[in-house]
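Structure, as structure tokens:
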Amino acid sequence: MSVINLRLGAFAAALALLAATSSGALAQKKYDTGASDTEIKIGNIMPYSGPASAYGVIGKTEEAYFRKINAEGGINGRKINFVSYDDAYSPPKTVEQARKLVESDEVLLVFNSLGTPPNTAIQKYMNTKKVPQLFVATGATKWNDPKEFPWTMGWQPNYQSESQIYAKYILKNNPNAKIGILYQNDDYGKDYLKGFKDGLGAKAASMIVLEESYEVSQPTIDSHIVKLKSSGADVFFNITTPKFAAQAIKKNAEIGWKPLHFLNNVSGSIGSVMKPAGFENGQDIISSQYFKDPTDAQWKSDAGMKAWNEFLDKYYPEANRADASVMYAYIVAQGLVHVLKACGDDLTRANVMKQAASIKDLEVGGLLPGVKVNTSATDFAPLSQLQLIRFKGETWERFGEILSGDVGG
Amino acid sequence: MELFINQVLAGIATGAIYACMALAVVMIYQAIDHLNFAQGEMAMFSTFIAWQLMQWGVPYWWAFLLTLAFSFAGGIAIERMLFKPLAKAPVLTNVAGFIALFAIVNSVAGLTWDFTIKQFPTPFGSSPFLGSQLISTHQAGMIGVTVGLLILLYLFFQFTRIGLAMRAAASLPESARLVGINTSWMIALGWGMASAIGAIAGILIAPVVFLEPNMMGGVLIYGFAAAVLGGLTSPLGAVIGGFLVGVFENLAGTYIPGVGNELKLPIALALIITVLVLKPAGLFGRPIVKRV
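These protein sequence lines map, in sequence, to chains W and F.
Sequence positions in the first sequence follow the numbering used here and run 10 to 418.
Sequence positions in the second sequence follow the numbering used here and run 955 to 1246.
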């Protein structure tokens, strides 16, 4: 008898305590759909199948990183529930998946959805619904447009900023250069081209001797390289995706064309571009970087790289460590965790955007020394700093200081 | 003038890629009267097998031979399991089968070996060939192998019993059966040979375009163009067609303003349509006459 009484008493006391704490906490905690005391629901859209499926590892790495965060206690006590769907890099499917995430899964936000065409397809919808489309995985310049699209935010340094940095370098060091350009004939290539011409300014017309474009469907770009060589250009701006970049580097060596070679950072990976192209063929190429290339031997004993390896050992052991996308995902996932932590108990969509737009000098593991994440109410380009690098031996050597080139959308 | 010569030479080098692929396309067309849309993906898969063997330490030529044997067996297996049951089905069913095969092979390769590009070794080296900086020794070797392959195929189809039986089974299945040829197995053999030739094509192409699951996408379209141009029934035509497409594409890209860069792929398609309208059998193909 007395045992039961004691239990009842304890139960009543516990109940009273619970009521007291929850009513007290209710005053501060604010939630939108997708967040609660125990969980934060994050949506994501990735090309796990289809032509861009190589990027699917980004989604897989992020899922692994959030498992790590959950295993370590979550964010302010809340577990991340990461819902990631496949859109096969097909914009109509992206729209379908975004609707599903927002209306049926009821996520708090959509994070790091990948690709310029897919994100373009859902940008209006996300902004009408006022659901954050946070840290999109594309380098297009247009995501930095807080006035028109206050619910969309980019992440990595955009293409135009990057090519402006090269243009400035050329104007300073090779003012009489004759420039040949090879670019991929789509939004990505044209974005780079525009930034480059803007960077050269009035001298663009006289300095650029030949602009060649190629289609992704072409088996090789040999013919373009032959043409560029015979144009007499002594500076080559190589705006190509990894496969074509490797082809171009190799073909340049084969036909003995040795211009000052600028390579866009899209294709800066040692493991998937420089090595297949042949290290001896890639000497002295100039590119830029903002995070550590995992295949670069100089980071072997770096603390950030060790942390990355430990994370992969434990949560994503089958990951291909030569794939820069794995590092990319690791960095952007840390960015999201930072924002969610900063939100505290106010997990509303408005506060998510507010916190995302007030990041100050954030350094996360994997970024190059000196590169920091910065945003403001008028700057929706979190990363805009780059380090110029030059290929020497089997690695990229950093030179000069960290440069920034903020370009709006 | 220098640019012209350069572009012609570069075109011949690229043309060798198309010629290899066209040869495999013609092989399968000879056997089954259809174009195999999965041909490129099968070649890519074979190349990955060669790459994997070399990663495991198998020497180049052994890997090459093993891959050929495996591809030959694989081609026959695909025919037995997938396309024999479809033999009497309408063309569209077959096309659906090819496309399914395309998607499956591509995805399986991506899953197994991921999508980052891989370097593929060449036995010929990649230094300039005969002092010319436009054709590397690899590309010269590739042209040599293509021509050699062509001669072998010619001898095989002209002078061996089995080659003749295959031709008979393809052109007059009914009569072939009556003289005791097992036509069903001849088709399987055709698949095996096409698959093995595809493997050679893949192994030759990979050092130039780099190995990755999507490496054959563009190549196959040009291979089709080359095969149609030369004639789908003629291996010689396919090879010549390959070189012609390569050179034509480069010259059009360089000298026809506006067409140039953006319309290179449509050039291949325009070529296919023009040939089909003006000379359906291609430059070297036999017109097919059906008695009614």
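Just so you know, even glycine gets a beta-carbon here, dropped at the ideal spot from N, CA and C.
- Here Gln396 of chain W is bridged, per DSSP, to W:Gln298, W:Ile411.
- Identification of residues in the region 211–234 of chain W having a C-beta nearer than 7 Å to some C-beta of chain F yields Glu221, Ser222, Tyr223, Glu224, Ser226, Gln227, Pro228, Thr229, Asp231, Ser232, given in sequence order.
- Residue state for Phe1197 of chain F is assigned as helix, using DSSP reduced to three classes.
- Counting C-beta pairs closer than 8 Å gives three or more between the region 351–369 of chain W and the region 115–125 of chain W, which meets the contact rule.
- In the three-state reduction of the DSSP assignment, Arg76 of chain W falls in the helix class, which pools H, G and I.
- Counting along the chain, His347 of chain W sits inside no beta strand (DSSP E); it lies in the alpha helix (DSSP H) bounded by residues 333–352.
- Relative to Tyr339 of chain W, the option among W:Ala176, W:Glu319, W:Ala44 whose CA is nearest is W:Glu319.
- Distance from the CA atom of Met1120 of chain F to the CA atom of Phe300 of chain W, rounded to whole angstroms, is 58 Å.
- For a cut-off of 8 Å, the C-beta gap from Phe1069 of chain F to Pro1167 of chain F is around 6 Å, short enough to register as a contact.
- Of the residues assessed, Tyr1108 of chain F falls on the exposed side of the cut-off, its CB having fewer than 16 other CB atoms within 10 angstroms.
- In the structure shown, the three-state DSSP call for Asp196 of chain W is helix.
- Listed along chain F are Asp1068, Thr1070, each with a C-beta nearer than 8 Å to that of Asn329 of chain W.
- Residue state for Ser222 of chain W is assigned as strand, using DSSP reduced to three classes.
- With fewer than 16 other CB atoms across the displayed protein chains lying within 10 angstroms of its CB, Ile1053 of chain F is exposed.
- Closest in C-alpha terms to Thr70 of chain W, from the list W:Leu321, W:Lys369, W:Arg399, comes W:Leu321.
- Comparing alpha-carbon positions, the option among W:Val380, W:Glu157, W:Ala342 lying closest to Ala386 of chain W turns out to be W:Glu157.
- Looking at W:Lys252, W:Asn247, W:Val235, the one whose alpha-carbon comes closest to that of Gly265 of chain W is W:Val235.
- Using a C-beta cut-off of 8 Å, the region 147–162 of chain W makes contact with the region 118–136 of chain W, since at least three inter-stretch Cβ pairs fall below that distance.
- About 46 Å separates the Cβ atoms of Ile84 of chain W and Lys259 of chain W, ruling out a contact at the 8 Å cut-off.
- Per DSSP, the unbroken alpha helix (DSSP H) holding Gly1051 of chain F starts and ends at 1045–1067.
- In this structure, the alpha-carbon of Leu371 of chain W lies about 5 Å from that of Val382 of chain W.
- Between Tyr223 of chain W and Gln193 of chain W, the gap from beta carbon to beta carbon is short of 8 Å.
- Nearest Cα to Val346 of chain W within the set W:Met55, W:Gln364, W:Arg330, W:Asn261: W:Gln364.
- Within 9 Å of the CB of Gly241 of chain W, no CB atom of chain F is found; the nearest one sits about 11 Å away.
- Residue environment: Glu81 of chain W is assigned as exposed (fewer than 16 neighbouring CB atoms within 10 Å of its CB, all protein chains considered).
- Boundaries of the beta strand (DSSP E) around Gly52 of chain W: 48–55.
- DSSP places Trp266 of chain W outside both helix and strand once states are collapsed to three, so it counts as coil.
- Lys236 of chain W: member of the alpha helix (DSSP H) spanning 231–239, first to last residue.
- Pairing Ile368 of chain W with Gln343 of chain W, the inter-Cα distance amounts to about 13 Å.
- Residues of the same chain with a CB within less than 7 Å of the CB of Val1059 of chain F, apart from the 5 flanking positions on each side, are Ala992, Glu995, Met996, Phe999 in chain order.
- Taken through DSSP and simplified to helix, strand or coil, Ala992 of chain F comes out as coil.
- Judged by their CB atoms, Ile54 of chain W and Phe75 of chain W are not nearer to each other than the 8 Å cut-off.
- Residue state for Gln227 of chain W is assigned as coil, using DSSP reduced to three classes.
- In this structure, the beta-carbon distance from Leu1165 of chain F to Ile1089 of chain F does not fall below 8 Å.
- Beyond the five residues adjoining it in sequence on each side, Lys38 of chain W comes within less than 7 Å, by CB distance, of Asp354 in the same chain, given in chain order.
- Taking each of W:Gly210, W:Phe144, W:Val145, W:Asn273 in turn and checking the Cα distance to Tyr201 of chain W, the smallest one comes out for W:Asn273.
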